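Visitor: Residue numbers (my numbering), protein chains in the order written: chain A, 1 to 160; chain B, 1 to 160. C-beta: ideal position from N, C-alpha, C; glycine also. Computed from a prediction, not measured in an experiment: that's the story for all the values here.
Number of protein chains: 2
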Amino acid sequence: MAHGFDRHDHRACVASALSAAEAACAGRGLALTPLRRRTLEILLESHAALGAYDVLARLEAEGFGSKPPVAYRALGFLVDNGFAHRIEGLSAYVACARPGSPHEPSFLVCRGCRRVAEEAIAAPLAPEAEAEGFAVERMVVEAQGLCSACRESGRGAAPC
Amino acid sequence: MAHGFDRHDHRACVASALSAAEAACAGRGLALTPLRRRTLEILLESHAALGAYDVLARLEAEGFGSKPPVAYRALGFLVDNGFAHRIEGLSAYVACARPGSPHEPSFLVCRGCRRVAEEAIAAPLAPEAEAEGFAVERMVVEAQGLCSACRESGRGAAPC
DNA sequence: ACCCCCTTGTTATATTATAACGCCTGCGCT
DNA sequence: AGCGCAGGCGTTATAATATAACAAGGGGGT
Ligand SMILES: [Zn+2]
Ligand SMILES: [Zn+2]
Ligand SMILES: [Zn+2]
Ligand SMILES: [Zn+2]
Chain A
1 MAHGFDRHDH RACVASALSA AEAACAGRGL ALTPLRRRTL EILLESHAAL
51 GAYDVLARLE AEGFGSKPPV AYRALGFLVD NGFAHRIEGL SAYVACARPG
101 SPHEPSFLVC RGCRRVAEEA IAAPLAPEAE AEGFAVERMV VEAQGLCSAC
151 RESGRGAAPC
Chain B
1 MAHGFDRHDH RACVASALSA AEAACAGRGL ALTPLRRRTL EILLESHAAL
51 GAYDVLARLE AEGFGSKPPV AYRALGFLVD NGFAHRIEGL SAYVACARPG
101 SPHEPSFLVC RGCRRVAEEA IAAPLAPEAE AEGFAVERMV VEAQGLCSAC
151 RESGRGAAPC
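#1: Which one of B/61, B/126, B/138 and B/92 has the shortest CA to CA distance from residue 75 of chain B?
#2: When you compare only the Cα positions, how much space is there between residue 62 of chain B and residue 4 of chain B?
#3: Does chain B have any CB closer than 8 Å to the CB of residue 42 of chain A?
#4: What is the DSSP secondary structure of residue 121 of chain B, counted as helix, strand or coil?
#5: Whose C-alpha, out of B/114, B/9, B/54 and B/135, is nearest the C-alpha of residue 143 of chain B?
#6: I'd like to check one pair, residue 107 of chain A with residue 136 of chain A: are the Cβ atoms closer than 8 Å?
#7: With respect to the beta strand (DSSP E) encompassing residue 107 of chain A, which residues constitute its N-terminal and C-terminal limits?
#8: Count the other CB atoms, across all protein chains shown, that sit within 10 Å of the CB of residue 100 of chain B; report buried if there are 16 or more and exposed otherwise.
#9: Just list the beta strand (DSSP E) runs in the region 38–120 of chain B, keeping only unbroken ones of 3 residues or longer that don't cross its boundaries, in chain order.
#10: On the three-pair Cβ rule with 8 Å, is the region 5–13 of chain B touching the region 51–69 of chain B?
#11: Could you check what DSSP says for residue 154 of chain B in three-state terms: helix, strand or coil?
#12: Please name the residue in B/126, B/112, B/127 and B/134 whose C-alpha comes closest to that of residue 134 of chain A.
#13: Does the CB of residue 141 of chain A have a neighbour CB from chain B at under 8 Å?
#14: With DSSP as the reference, label residue 145 of chain B as helix, strand or coil.
#15: In chain A, which residues lie less than 8 Å from residue 45 of chain B when you measure between Cβ atoms?
#16: Helix, strand or coil: how does DSSP classify residue 135 of chain A here?
#17: Checking contacts by CB at 8 Å: is residue 134 of chain B closer than that to chain A?
#18: Can you name the start and end residues of the alpha helix (DSSP H) that residue 10 of chain B belongs to?
#19: Kindly provide the chain-ordered list of residues whose Cβ lies closer than 5 Å to any non-hydrogen atom of ligand 2.
#20: Measuring CB to CB, does residue 59 of chain A end up less than 8 Å from residue 38 of chain A?
#21: With 8 Å as the limit, tell me which residues of the region 3–15 of chain A have their beta carbon closer than that to any beta carbon of chain B; keep them in chain order.
#22: Is any beta-carbon of chain B found at less than 8 Å from that of residue 124 of chain A?
#23: Does ligand 3 have a heavy atom nearer than 7 Å to the CB of residue 96 of chain B?
#24: Less than 7 Å between the CB of residue 85 of chain B and some heavy atom of ligand 3, yes or no?
#25: Taking 8 Å as the threshold (beta carbon to beta carbon), is residue 82 of chain A in contact with chain B?
#26: Quick check on the contact list: which residues have their beta carbon closer than 7 Å to a heavy atom of ligand 1?
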């Protein structure tokens with residue numbers, strides 16, 4: 001199981017993700033430019049999913065461009081190359097927990113704190129897809145709910 | 001396996017979904033008003049996912065209100081009560097293939113024609129969630145890809 | 001020097017979604 | 001009948017997410 005909700009050495013988490021991204025870019029001839037690298041660092045600061053406009057605000061505050069395409073393009077690069085993932089259920093973006101290697105991720109997504117745990121599970125639906133003659137290109141698997149911290153703190157609790 | 005991409009008696013499909021919705025509303029004290037019923041009929045016309053604004057345009061053309069909340073509220077009613085589902089990967093809505101009974105749906109979603117096949121699979125991620133102390137409230141399982149018809153017709157084919 | 005590709009930046013616009021308020025109707029109550 | 005309330009539908013206005021299209025610069029190859 002990947003961490004995300006548990007306590008862990010997050011500096012190591014960030015460092016290993018960044019070096020994996022650097023290595024993957026070097027190996028594949030991709031340009032991890034300052035903008036793209038900084039965008040990844042912003043996502044890596046926590047295991048929470050950030051909206052594109054949250055990322056954009058951070059980038060702008062640090063001297064990068066201020067218009068939506070700046071963030072969307074950097075996020076697109078990260079997602080296309082497997083360094084980040086889009087969480088469809090939140091329209092938000094999260095750093096990949098296993099950068100560098102291709103994988104079909106699935107997620108536990110807390111609606112209280114927006115933190116995300118990335119899991120590696122076998123893809124479901126393969127037999128059904130085959131029966132329909134359907135060619136699966138990408139699987140979206142997101143479990144939405146509440147993490148233990150949010151449950152205990154009452155964040156996101158259902159109104160009486 | 002549910003239909004969606006295969007040929008089938010679609011009039012029966014629509015009729016049974018509508019009568020299931022009527023029965024469920026009657027049984028649960030829900031008001032299947034003309035607006036809500038018509039919205040469901042619009043979704044049922046095909047197995048393709050429709051955007052909220054597509055639905056709104058249809059409703060407006062038929063004399064209902066023309067502003068977004070009209071469509072969003074009707075769709076919200078249908079989704080909340082299990083008569084329709086939101087396809088997160090398309091920000092779109094599709095009629096439920098098994099209305100009336102609660103279920104955790106999963107979908108094959110064609111990016112060529114936006115048609116959707118609803119499947120009933122066992123939820124993945126349960127053991128991972130338990131290990132994290134995570135309380136799953138809703139599973140999103142969507143296989144994005146191309147249906148056989150779209151593959152054969154070249155719709156959505158990757159550029160050379 | 002010149003060209004070409006890529007990256008970043010911009011302007012403008014499209015698409016999806018919700019907040020907040022008013023009117024009306026149906027319904028239970030007195 | 002008269003009243004009050006809840007729900008549904010309509011509106012206005014605005015928020016949030018996303019992309020199209022174009023301009024400027026850099027850097028490498030020839
Ligand atoms: Zn970490
Ligand atoms: Zn949480
Ligand atoms: Zn059908
Ligand atoms: Zn198709």
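Guide: Let's see:
#1: Ranking the options by Cα distance to residue 75 of chain B, first place goes to B/92.
#2: Those two C-alpha atoms are separated by around 27 Å.
#3: Not a single C-beta of chain B is nearer than 8 Å to the C-beta of residue 42 of chain A.
#4: In the structure shown, residue 121 of chain B sits in coil (DSSP, three-state: anything other than H, G, I, E or B).
#5: The shortest C-alpha separation from residue 143 of chain B is found at B/114.
#6: For the pair residue 136 of chain A and residue 107 of chain A, the CB atoms are not nearer than the 8 Å cut-off.
#7: It spans 105–110 - the beta strand (DSSP E) in which residue 107 of chain A sits, taken as one unbroken run.
#8: That one is buried.
#9: List check, beta strand (DSSP E) in window: 84–87, 92–95, 105–110 and 116–120.
#10: Short answer: they don't touch.
#11: In the structure shown, residue 154 of chain B adopts coil according to DSSP, grouped into three states.
#12: Taking each of B/126, B/112, B/127 and B/134 in turn and checking the Cα distance to residue 134 of chain A, the smallest one comes out for B/112.
#13: By this cut-off, residue 141 of chain A is an interface position.
#14: Here residue 145 of chain B sits in strand by DSSP.
#15: None at all; the shortest Cβ gap to chain A is about 21 Å.
#16: In the structure shown, the three-state DSSP call for residue 135 of chain A is strand.
#17: Chain A has a Cβ within less than 8 Å of the Cβ of residue 134 of chain B.
#18: Counting along the chain, the alpha helix (DSSP H) containing residue 10 of chain B begins and ends at 10–28.
#19: Applying a distance threshold of 5 Å between residue Cβ atoms and the heavy atoms of ligand 2 selects A/110, A/112, A/113, A/147 and A/150, given in chain order.
#20: For the 8 Å CB-CB criterion, residue 59 of chain A and residue 38 of chain A form a contact.
#21: Residues 4, 5 and 6.
#22: By this cut-off, residue 124 of chain A is an interface position.
#23: No, since every heavy atom of ligand 3 falls outside the 7 Å radius drawn around the Cβ of residue 96 of chain B.
#24: Residue 85 of chain B Cβ: outside cutoff for every heavy atom of ligand 3.
#25: No, its Cβ sits nowhere closer than 8 Å to a Cβ of chain B.
#26: In chain order, the residues positioned with their C-beta nearer than 7 Å to some heavy atom of ligand 1 are A/3, A/8, A/10, A/13, A/14 and A/47.
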